[in-house]
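A short worksheet on the structure shown next.
Numbering (this note's numbering), first residue to last: 109 to 688.
Structure (structure tokens):
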């Protein structure tokens with residue numbers, strides 16, 4: 109029995125006494141505000157306060173080593189004569205007292221570039237750029253992070269253009285604690301000029317390899333530039349043949365004799381064909397059907413072919429296209445043809461066109477130039493008929509500089525078009541047409557919403573307006589125009605209530621989108637504008653409304669109700685995607 113009582117007592121004692129007890133203590137840093145955060149975030153005495161493994165022995169060691177650790181941290185901020193003391197105010201209540209002294213200032217900076225870079229024709233400009241990138245000028249306080257950051261900035265500048273193997277041969281920060289002055293010396297050896305070598309493409313099975321190699325705007329033997337690698341990557345990503353692309357320069361295998369660096373391209377190909385079937389809906393025409401077919405390797409040469417047909421109650425269209433792979437100069441070429449019938453606001457049109465286009469996309473800017481032949485048959489109000497045609501040169505320029513194409517909150521969309529007939533050749537009349545539109549997004553306080561402004565302007569100069577195809581003229585009203593009015597209901601009065609196109613158009617909108625829940629916004633807006641025969645007789649039509657915005661996974665969806673000032677009627681609009 110006694111031994112049993114002893115065993116029970118030992119068990120109770122072990123269960124009541126923890127094997128490892130957490131040691132609680134507090135630390136206060138008494139230092140200038142600019143340095144207190146640095147010490148609190150990095151001193152082990154502070155950061156280890158809540159660790160379970162802390163005991164008296166470890167705590168005593170941390171208290172002992174803290175002054176030296178703090179002085180090393182302060183030296184990274186340029187304080188080389190700091191005094192640090194740790195005292196105990198009460199039971200396990202510690203105060204780190206810091207007197208940093210005066211900061212060390214930069215007295216002199218010497219940057220030297222050596223090697224073949226000095227023989228380059230633009231050496232002086234490059235050296236000036238290096239000095240501009242340096243962020244520790246004379247007289248500035250020395251900071252280790254600025255010292256390291258300046259060297260990184262200079263090396264990025266040099267290695268990105270012709271000298272990717274450049275190295276720092278000497279790096280010295282000579283500190284004089286007595287005078288609190290620092291002298292900085294950086295010597296950089298540029299190494300040889302590196303040239304682009306051969307391009308190796310991996311993953312090509314369905315398409316000719318020249319589709320990938322032809323998109324590079326450099327050739328073996330041209331000087332290496334990192335930006336060209338980025339541009340090449342972007343060009344491949346925009347090509348319809350690939351779903352994933354990685355481009356890299358293999359710096360580990362530069363040829364020691366020719367100084368050429370191999371370029372490796374890894375691609376994941378898209379299927380050769382794609383079929384799309386879909387239902388579409390338009391607030392002006394109601395439901396419809398869309399069928400699309402794409403082939404990405406016509407004639408086994410990587411040409412892309414497309415066929416798209418849309419059918420809606422008042423509009424039917426068939427579009428054909430043949431695209432050629434983008435060339436090394438950044439341009440791509442295509443041939444298009446379209447057939448379309450429209451019956452909108454009492455104006456029936458049947459049109460067909462064929463054109464050749466030259467397009468260049470760089471970053472968020474697309475520029476296009478084309479020659480197009482258009483034939484059109486028009487019937488207005490069931491009583492007047494006319495046939496028109498035009499051979500026109502078309503130039504277009506579009507920029508989409510927004511923070512997010514799917515859900516923009518800041519930035520701008522710009523679109524400009526200029527077209528005109530080639531004299532009177534193959535045209536009913538000669539004309540010039542100018543058109544521009546822009547949409548701006550501004551969120552000064554993103555939490556409270558976004559302002560959206562839109563402006564549209566256009567004009568046609570023609571010898572004979574009656575001989576200009578109606579698709580070249582302007583009408584307004586509906587989504588992305590003056591909401592509150594029916595689609596293309598603003599224009600010139602035609603026979604039997606039909607609406608004809610005018611030579612000028614101007615519309616504008618101001619909208620405020622208020623967040624109501626994630627991905628949902630309430631929109632308040634006012635629209636104004638019209639299409640007219642001339643600016644002299646231009647009359648502004650206005651509408652005000654409210655709507656809902658849903659930032660769907662596909663594209664922004666807008667559902668609006670607007671009241672037109674002309675007749676007081678309330679009409680609704682539904683649109684999907686950006687304004688253009």
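Note that the Cβ used here is the ideal one computed from N, Cα and C, for glycine as well.
Query - 3 or more residues per run - each beta strand (DSSP E) lying fully within the segment 544-584 - result: 558-570
Query raised in the report: Between the C-alpha atoms of residue 347 and residue 308, what's the straight-line distance to the nearest angstrom?
Result: 18 Å
**Report entry** Reduced DSSP category for residue 120 - H, G, I as helix; E, B as strand; rest coil
**Finding:** In this prediction, residue 120 scores a pLDDT of 37, lower than 50, which makes its location untrustworthy; no coordinate-derived value is stated.
Query raised in the report: Mind checking residue 349: buried by the 16 CB within 10 Å criterion, or exposed?
Result: buried
Report task. Indicate whether residue 297 and residue 279 have their beta-carbon atoms separated by less than 7 Å. Result -> no
Requested in this report: Output the distance between the C-alpha atoms of residue 650 and residue 656, rounded to the nearest integer angstrom.
Outcome: 20 Å
Report task. Could you say if the segment 496-513 and the segment 439-449 meet the contact criterion of at least three C-beta pairs nearer than 8 Å? Result -> no
Query - Sequence-distant residues of the same chain with beta carbon closer than 8 Å to residue 322, five excluded per side - result: 433, 434, 435, 436
Query raised in the report: Does DSSP put residue 149 in a helix, a strand or coil?
Result: helix
Report task. Please report the residue range of the alpha helix (DSSP H) in which residue 184 lies. Result -> Where residue 184 is concerned, there is no enclosing alpha helix (DSSP H), given that its DSSP letter is neither H nor E.
Query - Extent of the continuous alpha helix (DSSP H) to which residue 345 belongs - result: 334-346
Query raised in the report: Between 374, 299, 373, 400, which lies nearest to residue 383 when the distance is taken from Cα to Cα?
Result: 400
Requested in this report: Measure the Cβ-Cβ separation of residue 209 and residue 250 and say whether it is below 7 Å.
Outcome: no
Query raised in the report: Can you give the Cα-Cα distance for residue 542 and residue 418, rounded to whole angstroms?
Result: 28 Å
Query raised in the report: Got a sec, what are the start and stop residues for the alpha helix (DSSP H) residue 495 sits in?
Result: Element bounds for residue 495: not the alpha helix (DSSP H) but the beta strand (DSSP E), 492-510.
Query raised in the report: So, residue 670 versus residue 592, is the Cβ gap smaller than 7 Å?
Result: yes
Report task. For residue 323, name the three-state secondary structure that DSSP assigns. Result -> coil
Query raised in the report: Under three-state DSSP, which class holds residue 131?
Result: coil
Requested in this report: On a CA-only basis, which of 164, 679, 490, 612 is nearest residue 603? Give me that one, please.
Outcome: 490
Query - Neighbourhood of residue 314 by C-beta, 7 Å cutoff - its chain only, sequence neighbours within 5 removed - result: 377, 380, 405
Query raised in the report: Going by the CB atoms, is the gap between residue 631 and residue 621 shorter than 7 Å?
Result: yes
**Report entry** Nearest residue (CA-CA) to residue 572, options 658, 529, 557, 262
**Finding:** 529
Query raised in the report: Which stretch, first to last residue, makes up the beta strand (DSSP E) that contains residue 449?
Result: 439-452
Query raised in the report: According to DSSP, is residue 176 helix, strand or coil?
Result: helix
Report task. Please classify residue 266: does DSSP put it in a helix, a strand, or coil? Result -> helix
Requested in this report: Count the other C-beta atoms from every protein chain shown that fall within 10 angstroms of the C-beta of residue 577, then say buried if there are 16 or more, exposed otherwise.
Outcome: buried
**Report entry** Cβ distance (whole Å) where residue 504 is taken to contact residue 476 below 8 Å
**Finding:** 5 Å
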